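Participant: Numbered according to UniProt numbering, the sequence shown spans residues 1 to 216.
Positions of the beta carbon are idealized from the N, C-alpha and C atoms, including for glycine.
None of the values given here were measured: they were computed from a predicted structure.
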Amino acid sequence: MSSLRASGHFSDLTIICGTRTFKVHKAFVCAQSEYFNTKCRTPWPTISATVIKLEDIRDDTAYMIPEEKALDDEDTIERMVKFLYALDYPAREGEWMGTLSIAKLFAVAIKYQIPALRKAAAERFAMEAEAVGGRFDGGVAEFAGAMKLVYTTTPADVRELRDVVEQTLLYDTQLLEKAVIKEALSGITGVVYELLMKKPHGAGRRRGISEEANGI
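1) Hey, out of A120, A31, E74 and T21, whose CA is closest to R52's CA?
2) At which residues does the beta strand (DSSP E) containing L13 begin and terminate?
3) If you scan the region 124–203 from start to end, which runs of the beta strand (DSSP E) of 3 or more residues do you find wholly inside it?
4) With a CB to CB cut of under 8 Å and the five nearest residues on each side skipped, what residues in its chain are close to A122?
5) Using a 10 Å radius around the Cβ and a threshold of 16 neighbouring Cβ atoms, would you call R41 buried or exposed?
6) What did DSSP end up calling R41 once you bin it into helix, strand or coil?
7) If you measure between the beta carbons of L195 and L169, is that distance less than 8 Å?
8) Is it buried or exposed, L175, if we count other Cβ atoms within 10 angstroms and call 16 or more buried?
9) I'd like the span of the alpha helix (DSSP H) that includes I110, first residue to last.
10) Straight-line CA distance for I102 to V81?
11) Starting from the C-beta of A116, find all residues in its chain whose C-beta is less than 7 Å away, skip the five residues before and the five after it, and write them out in chain order.
12) In terms of residue numbering, what span does the alpha helix (DSSP H) encompassing F28 cover?
13) Is it buried or exposed, D157, if we count other Cβ atoms within 10 angstroms and call 16 or more buried?
14) When you compare the CB positions of D172 and V108, do they come within less than 8 Å of one another, or not?
15) In three-state terms, what does DSSP make of R20?
16) By the 10 Å Cβ neighbour count, where 16 or more other Cβ atoms means buried, how is F10 classified, buried or exposed?
17) With 16 other CB atoms within 10 Å as the buried threshold, where does E177 fall?
18) Quick one: Cα of R118 to Cα of I110, how far?
19) Name the one or two DSSP bridge partners that I114 has.
20) How far does the alpha helix (DSSP H) with L84 in it extend, from its first residue to its last?
21) Is it right to say M197 is buried, meaning 16 or more other beta carbons lie within 10 angstroms of its own, or is it exposed?
22) Within the same chain, show all residues whose beta-carbon is closer than 7 Å to that of L185, passing over the 5 residues directly before and after it, in chain order.
Given below as structure tokens:
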């Protein structure tokens with residue numbers, strides 16, 4: 001299936017993002033995304049049903065913070081398209097996919113209504129978050145960026161990544177001493193209150209964040 005995507009053979013839908021064009025197949029894309037299904041469902045053939053240009057998410061919602069790179073960046077959309085064919089979003093050779101990249105994938109999964117990608121990204125985010133405390137400073141800085149993205153690009157009732165962020169900060173309290181984390185927290189409305197409300201439950205044995213997120 002990945003070879004079919006790569007070749008573009010028999011493509012009946014074009015997705016444009018920035019300078020990149022993705023030749024895809026409605027049978028794969030529309031079956032997994034209600035957003036694309038709605039866009040393509042038309043009673044007569046039109047250009048809008050065969051070519052879809054993805055715009056910056058800040059054009060659609062009030063959640064995007066101005067200083068952050070657009071979620072609909074080319075790399076994130078490429079990973080989304082790969083997932084629709086392979087149910088995976090492998091990193092390029094030598095590339096590290098940290099919490100920020102995964103948070104972007106989760107956000108586009110919400111925006112384009114792709115449940116399988118939403119679930120996969122949430123699980124991967126939880127796994128990556130477990131290692132943040134012991135990682136190099138770049139990993140902590142990336143997590144700080146992911147925090148801002150999580151709380152500013154999805155609705156408040158979308159809890160998967162929010163819960164992981166809060167659990168990570170509760171169990172790895174040394175993260176709260178990092179300047180980049182403090183700065184991120186100061187710019188996120190409501191997260192400090194959520195941490196205070198959950199703090200009594202954070203005592204005791206440190207459970208894996210992915211384990212906690214899955215209710216184990």
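Facilitator: By the coordinates alone:
1) The displayed chain sequence assigns Ile, not Arg, to residue 52. For I52, the nearest C-alpha among the options comes from T21.
2) From DSSP, the beta strand (DSSP E) with L13 extends over L13 to C17.
3) DSSP runs (the beta strand (DSSP E)) wholly in the region 124–203: none.
4) If we look at A122 and ignore the five residues flanking it on each side, its Cβ neighbours are F106, E160, L161, V164 and A213.
5) Exposed.
6) In the three-state DSSP reduction, R41 falls in the coil class, being neither helix nor strand.
7) Yes.
8) Looking at its Cβ environment, which holds 16 or more other Cβ atoms inside 10 Å, L175 is buried.
9) Taken as a continuous stretch (DSSP letters only), the alpha helix (DSSP H) holding I110 covers T99 to K111.
10) Those two C-alpha atoms are separated by around 14 Å.
11) Within the same chain, A116 has close Cβ partners Q32 and L87.
12) Where F28 is concerned, the enclosing alpha helix (DSSP H) stretches over K26 to Q32.
13) Exposed: under 16 other Cβ atoms inside 10 Å.
14) The criterion of a C-beta distance shorter than 8 Å is not satisfied by D172 and V108.
15) In this structure, R20 counts as strand in the three-state DSSP scheme.
16) The residue is exposed, with fewer than 16 neighbouring Cβ atoms inside 10 Å.
17) Residue environment: E177 is assigned as exposed (fewer than 16 neighbouring CB atoms within 10 Å of its CB, all protein chains considered).
18) Distance between the alpha carbons of R118 and I110: 7 Å.
19) Looking at the DSSP assignment, I114 forms no beta bridge with any residue, so it has no partner.
20) For L84, the enclosing alpha helix (DSSP H) covers residues E74 to A86.
21) Here M197 is exposed, its C-beta having fewer than 16 other C-beta atoms within 10 Å.
22) Around L185: V191 and V192.
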